[in-house]
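Student:
In the working numbering, the protein residues as written are 1 to 272.
Written as structure tokens, this is what we have:
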């Protein structure tokens, strides 16, 4: 017993690990965007169900035949409103306005989804910069050269980087859900390259736009929706004060409105 009393007691150290939450990334943002899109679709359905029969038929004609709708026709060859009476013109303008607003809402939702997915892939995209905006012509998405390296294309080359390809794949997947026409633009800075006089910034910008088109189509954008490939060279500088600035080198993807915003009608009263 005496020996036991003289013995040293072992020291027990308890380490308590505090629980923590792992980093969840941006997956919840994508799920939230899906939820918001579903709610928008639900309210659009409820909104359409509350319309009168004539207006509903006109909107159905637009979705069945967008090209014919631009010319004033619905599905097949049935005009939206016969005659040029003020009432008929007013009805057509009202329907066009509703279609335009629905398209604009859908584009804003698409822009938000693309932004969330690009933000979630920020680590893979590196210093690549992007901007999204809905304007008069539709949704414009710009991938802009930024940082110290060549984030989109090597200088003087149309062979894109992995970051540029990933960004365009994300954009293509989201654009695949819409029906609007697509235009792809290529822009360069004012620097020239020693590849001979037959290959200039005009060819380089067009080749880069065409390379972007191929990635968009591989991501799901239907080929018939791509209406134009534009190579602007250095004629539309983002930074006009510095024609050689890297931000002038960029790719633009334009999702065009199927139905442009109707001009507001004005009434002119002539006094005798």
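No residue lacks a Cβ here, since even glycine has one placed at the ideal position from N, Cα and C.
Please determine if the segment 102 to 109 and the segment 206 to 222 are in contact, where contact requires at least 3 C-beta pairs separated by less than 8 Å.
Tutor: no
Student: Can you find the residues in the same chain that come closer than 6 Å, C-beta to C-beta, to residue 164, ignoring five residues on each side of it along the sequence?
Tutor: 152
Student: Inspect the CB distances between the segment 232 to 246 and the segment 167 to 177 and report whether three or more fall short of 8 Å.
Tutor: no
Student: Using DSSP with H/G/I as helix, E/B as strand and the rest coil, what is residue 130?
Tutor: strand
Student: Are the beta-carbon atoms of residue 253 and residue 143 separated by less than 9 Å?
Tutor: yes
Student: Select from 97, 150, 249, 125 the residue whose C-alpha is nearest the C-alpha of residue 170.
Tutor: 125
Student: For residue 256, I'd like the list of residues in its chain whose CB is within less than 8 Å of its CB, leaving aside the five on either flank, ordered along the chain.
Tutor: 137, 138, 180, 181, 182, 183, 227
Student: Does the Cβ of residue 131 have 16 or more other Cβ atoms within 10 Å, making it buried, or fewer, making it exposed?
Tutor: exposed
Student: What's the call for residue 74, buried or exposed, on a 16-neighbour Cβ count within 10 Å?
Tutor: With a pLDDT of 47 at residue 74, under the threshold of 50, the modelled position of that residue is not reliable, and the figure given next carries that caveat. Buried is the call here.
Student: Which residues in the same chain as residue 167 place their Cβ atom closer than 8 Å to its Cβ, once the five residues preceding and following it in sequence are excluded?
Tutor: So the qualifying residues of the chain are 118, 121, 125, 128, 130, 143.
Student: Does DSSP put residue 253 in a helix, a strand or coil?
Tutor: strand
Student: According to DSSP, is residue 138 part of a helix, a strand, or is it coil?
Tutor: strand
Student: Can you tell me which of 172, 147, 245, 214 puts its alpha carbon nearest to the alpha carbon of residue 189?
Tutor: 245
Student: What separation, rounded to the nearest whole angstrom, lies between the Cα atoms of residue 146 and residue 45?
Tutor: 42 Å
Student: According to the neighbour-count rule (16 or more other Cβ atoms, all chains shown, within 10 Å of its Cβ), is residue 250 buried or exposed?
Tutor: buried
Student: DSSP three-state label for residue 230, please.
Tutor: strand
Student: Just to confirm the assignment, what range does the alpha helix (DSSP H) spanning residue 185 have?
Tutor: Premise fails: residue 185 lies in the beta strand (DSSP E), 182 to 187, not in any alpha helix (DSSP H).
Student: So what does residue 144 bridge to, in DSSP terms?
Tutor: 129, 250
Student: Pull up the distance between the alpha-carbon of residue 94 and that of residue 102, whole angstroms please.
Tutor: 12 Å
Student: Tell me the DSSP secondary structure of residue 204 in three-state form.
Tutor: helix
Student: Shortest alpha-carbon distance to residue 212 belongs to which of 39, 229, 239, 112?
Tutor: 229
Student: Residue 192: which of 215, 223, 157, 161 sits nearest, CA to CA?
Tutor: 157
Student: In whole angstroms, what separates the C-alpha of residue 123 from that of residue 225?
Tutor: 31 Å
Student: Tell me whether residue 213 sits in a helix, a strand or coil according to DSSP, three-state version.
Tutor: helix
Student: Could you give the distance in angstroms between the alpha-carbon of residue 162 and the alpha-carbon of residue 238?
Tutor: 24 Å
Student: Just to confirm my understanding: we take residue 111, look at its own chain, exclude 5 residues before and 5 after, and list those with CB closer than 7 Å. What are they?
Tutor: Excluding positions up to five away in sequence, the list reads 132, 134, 139.
Student: Does DSSP put residue 168 in a helix, a strand or coil?
Tutor: Residue 168 falls in the helix class under three-state DSSP.
Student: CB-CB under 7 Å to residue 33, same chain, minus the five flanking residues each way: which ones, in chain order?
Tutor: 112, 113, 116
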